[in-house]
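As structure tokens, the structure follows; a few thoughts come after it.
Protein chains in written order, with the numbering used here: chain W, 8 to 53; chain H, 37 to 474.
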């Protein structure tokens with residue numbers, strides 16, 4: 008595309024198909040402990 | 037840059053496409069051409085075609101279809117997959133902002149016994165269903181004040197792995213005072229992640245994180261953290277600080293930690309009542325936003341120079357990242373993630389420990405207060421009025437339940453200052469991605 012460059016390669020809607028396995032890290036186990044940051048966790052459902 | 041909230045798509049756009057996107061849903065193609073007569077018509081029509089294509093592919097103007105999906109997510113049977121073990125309700129520092137009241141959590145000093153720790157792991161295995169990866173954070177107070185018990189708990193976990201199809205990921209959060217060679221060697225063998233607490237510049241750190249006798253702790257811990265980070269090699273670690281109203285120029289502290297050679301950084305805004313001298317207030321937000329901008333620019337500069345570092349709140353995986361079910365279900369406190377006190381009581385998370393109205397049960401008898409668990413399970417971005425229209429709702433997943441309860445007395449609200457900060461951080465994180473993609 009000439010005018011728009013898309014940085015993402017998957018959409019949230021598509022993750023509904025096989026999402027929710029729950030094997031991913033719990034956000035407060037990383038470095039928050041006083042806030043909630045879910046969006047930066049990795050998906051383990053490869 | 038344009039974020040399509042409900043698909044999570046991030047687009048870098050030129051001026052024309054930015055204008056076209058703003059008009060696209062409410063106007064016909066000819067109307068848009070007419071309104072954007074300052075641009076070349078062929079360019080405008082080409083751009084409209086690109087926008088239309090992205091919409092058809094579900095990457096622009098995506099509707100929020102998850103309200104129904106959330107029903108299924110919330111009806112699911114949840115299992116416990118992570119525990120925060122309060123190895124020590126005691127601390128060898130006296131940090132002024134400590135939510136755990138120097139480790140005592142509204143209670144008394146106590147150390148977890150190996151028996152309680154082992155029982156907690158048994159509880160986790162028994163309540164984790166088919167989940168393979170189980171997380172156990174060794175937390176405090178200062179957990180290294182009870183290092184012998186840590187070793188026993190971890191060894192027991194490794195034994196359990198042999199007999200159950202489970203994998204324990206242990207993490208350790210420490211202030212570094214008792215970090216010695218034995219601990220480093222043990223942690224590098226057994227800990228999937230370590231969180232090392234330091235607030236940045238010496239004067240900032242020493243003011244907020246003194247020892248019990250009032251001396252600063254910076255000189256005591258920094259050499260240890262440097263050595264430890266070096267020994268970690270490829271293994272995960274975070275050097276994590278807290279910033280307060282006393283160091284609103286916290287970007288300098290992050291740069292200081294990066295200059296010390298640390299590569300994985302985190303800096304959390306303190307959460308405190310407005311009447312404390314260090315609490316972040318609404319009036320501080322413009323200064324903090326400027327600092328986040330400055331940090332983003334510094335990270336881009338250093339990355340391009342080949343000397344980059346990661347900042348926890350700016351980490352966004354645009355090619356992977358969590359599924360929508362994860363983003364809808366939040367941090368898991370009270371359902372998938374529980375805290376265990378030194379005497380084995382269960383709470384929804386470490387921040388609720390000591391608040392008796394949230395006592396869920398204990399590691400021997402299990403969770404008895406399913407009514408509380410169900411309150412946490414029901415919490416999501418659609419039950420929170422403030423989240424429904426927020427563009428960042430799929431990044432923070434409705435925010436921290438403990439913050440909501442602390443500031444509003446219920447779980448279905450949101451800590452407003454925290455929301456403002458989260459939105460700013462998401463903006464900066466996306467801006468960095470866009471800048472580095474150029």
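In this text, a Cβ means the ideal position worked out from N, Cα and C, and glycines have one as well. Owing to the predicted nature of the structure, the values given are computational and were not obtained by experimental measurement.
Is there a C-beta anywhere in chain W that falls below 8 Å from the one on residue i?
{"i": "residue 46 (chain H)", "result": "yes"}
{"i": "residue 358 (chain H)", "result": "yes"}
{"i": "residue 409 (chain H)", "result": "no"}
{"i": "residue 64 (chain H)", "result": "no"}
{"i": "residue 268 (chain H)", "result": "no"}
{"i": "residue 95 (chain H)", "result": "yes"}
{"i": "residue 416 (chain H)", "result": "no"}
{"i": "residue 217 (chain H)", "result": "no"}
{"i": "residue 361 (chain H)", "result": "yes"}
{"i": "residue 167 (chain H)", "result": "yes"}
{"i": "residue 135 (chain H)", "result": "yes"}
{"i": "residue 118 (chain H)", "result": "yes"}
{"i": "residue 469 (chain H)", "result": "yes"}
{"i": "residue 98 (chain H)", "result": "yes"}
{"i": "residue 473 (chain H)", "result": "yes"}
{"i": "residue 227 (chain H)", "result": "no"}
{"i": "residue 455 (chain H)", "result": "no"}
{"i": "residue 423 (chain H)", "result": "no"}
{"i": "residue 125 (chain H)", "result": "no"}
{"i": "residue 373 (chain H)", "result": "yes"}
{"i": "residue 181 (chain H)", "result": "no"}
{"i": "residue 257 (chain H)", "result": "no"}
{"i": "residue 323 (chain H)", "result": "no"}
{"i": "residue 354 (chain H)", "result": "yes"}
{"i": "residue 366 (chain H)", "result": "yes"}
With 16 as the cutoff for other CB atoms within 10 Å, does residue i come out buried or exposed?
{"i": "residue 259 (chain H)", "result": "exposed"}
{"i": "residue 427 (chain H)", "result": "exposed"}
{"i": "residue 451 (chain H)", "result": "buried"}
{"i": "residue 313 (chain H)", "result": "exposed"}
{"i": "residue 14 (chain H)", "result": "Residue 14 (chain H) cannot be examined here, being either before or after the span of chain H that is shown, 37 to 474."}
{"i": "residue 9 (chain W)", "result": "exposed"}
{"i": "residue 178 (chain H)", "result": "buried"}
{"i": "residue 201 (chain H)", "result": "exposed"}
{"i": "residue 86 (chain H)", "result": "buried"}
{"i": "residue 342 (chain H)", "result": "exposed"}
{"i": "residue 40 (chain W)", "result": "buried"}
{"i": "residue 474 (chain H)", "result": "exposed"}
{"i": "residue 400 (chain H)", "result": "exposed"}
{"i": "residue 51 (chain H)", "result": "exposed"}
{"i": "residue 241 (chain H)", "result": "buried"}
{"i": "residue 425 (chain H)", "result": "exposed"}
What does the alpha-carbon distance come out to for the pair residue i and residue j?
{"i": "residue 376 (chain H)", "j": "residue 30 (chain W)", "result": "21 Å"}
{"i": "residue 306 (chain H)", "j": "residue 278 (chain H)", "result": "6 Å"}
{"i": "residue 404 (chain H)", "j": "residue 45 (chain H)", "result": "42 Å"}
{"i": "residue 101 (chain H)", "j": "residue 423 (chain H)", "result": "15 Å"}
{"i": "residue 233 (chain H)", "j": "residue 211 (chain H)", "result": "5 Å"}
{"i": "residue 111 (chain H)", "j": "residue 407 (chain H)", "result": "14 Å"}
{"i": "residue 237 (chain H)", "j": "residue 246 (chain H)", "result": "14 Å"}
{"i": "residue 440 (chain H)", "j": "residue 49 (chain H)", "result": "36 Å"}
{"i": "residue 13 (chain W)", "j": "residue 350 (chain H)", "result": "19 Å"}
{"i": "residue 118 (chain H)", "j": "residue 397 (chain H)", "result": "16 Å"}
{"i": "residue 216 (chain H)", "j": "residue 45 (chain W)", "result": "33 Å"}
{"i": "residue 166 (chain H)", "j": "residue 51 (chain W)", "result": "15 Å"}
{"i": "residue 34 (chain W)", "j": "residue 57 (chain H)", "result": "34 Å"}
{"i": "residue 340 (chain H)", "j": "residue 372 (chain H)", "result": "39 Å"}
{"i": "residue 37 (chain H)", "j": "residue 443 (chain H)", "result": "33 Å"}
Sort the options by Cα distance to residue i and report the nearest one.
{"i": "residue 204 (chain H)", "options": "H:60, H:452 and H:156", "result": "H:156"}
{"i": "residue 330 (chain H)", "options": "H:347, H:231, H:235 and H:439", "result": "H:347"}
{"i": "residue 265 (chain H)", "options": "H:241, H:297, H:238 and H:245", "result": "H:297"}
{"i": "residue 379 (chain H)", "options": "H:99, H:372 and H:121", "result": "H:121"}
{"i": "residue 392 (chain H)", "options": "H:401, H:400 and H:382", "result": "H:382"}
{"i": "residue 301 (chain H)", "options": "H:454, H:229 and H:180", "result": "H:229"}
{"i": "residue 114 (chain H)", "options": "H:291, H:374, H:355 and H:354", "result": "H:374"}
{"i": "residue 367 (chain H)", "options": "H:416, H:356 and H:273", "result": "H:416"}
{"i": "residue 438 (chain H)", "options": "H:106, H:317, H:308 and H:456", "result": "H:308"}
{"i": "residue 47 (chain W)", "options": "H:442, H:419, H:430 and H:263", "result": "H:430"}
{"i": "residue 61 (chain H)", "options": "H:99, H:37, H:75 and H:333", "result": "H:99"}
{"i": "residue 334 (chain H)", "options": "H:295, H:372 and H:321", "result": "H:295"}
{"i": "residue 248 (chain H)", "options": "H:320, H:213, H:292 and H:263", "result": "H:213"}
{"i": "residue 183 (chain H)", "options": "H:135, H:139, H:136 and H:124", "result": "H:124"}
- Query: Would you say the region 129-136 of chain H touches the region 80-90 of chain H, given that touching needs at least three Cβ pairs under 8 Å?
  - Reply: No, they do not touch.
- Query: Are three or more beta carbon pairs between the region 136-151 of chain H and the region 323-337 of chain H nearer than 8 Å?
  - Reply: Too few Cβ pairs lie closer than 8 Å, so no.
- Task: Check whether the region 156-166 of chain H touches the region 408-415 of chain H, counting contact only when three or more Cβ pairs, one atom from each stretch, lie closer than 8 Å.
- Result: Result no; under three Cβ-Cβ pairs closer than 8 Å.
- Task: State whether the region 179-198 of chain H contacts the region 218-226 of chain H, with contact taken as three or more CB pairs (one from each stretch) at a distance under 8 Å.
- Result: As far as the Cβ criterion goes, the region 179-198 of chain H touches the region 218-226 of chain H, which means the pair count is three or higher.
- Item | Cβ contact (3+ pairs, closer than 8 Å) linking the region 90-97 of chain H and the region 9-22 of chain W | yes
- Message: Would you call the region 355-371 of chain H in contact with the region 281-289 of chain H, where contact means no fewer than 3 C-beta pairs closer than 8 Å?
- Response: no
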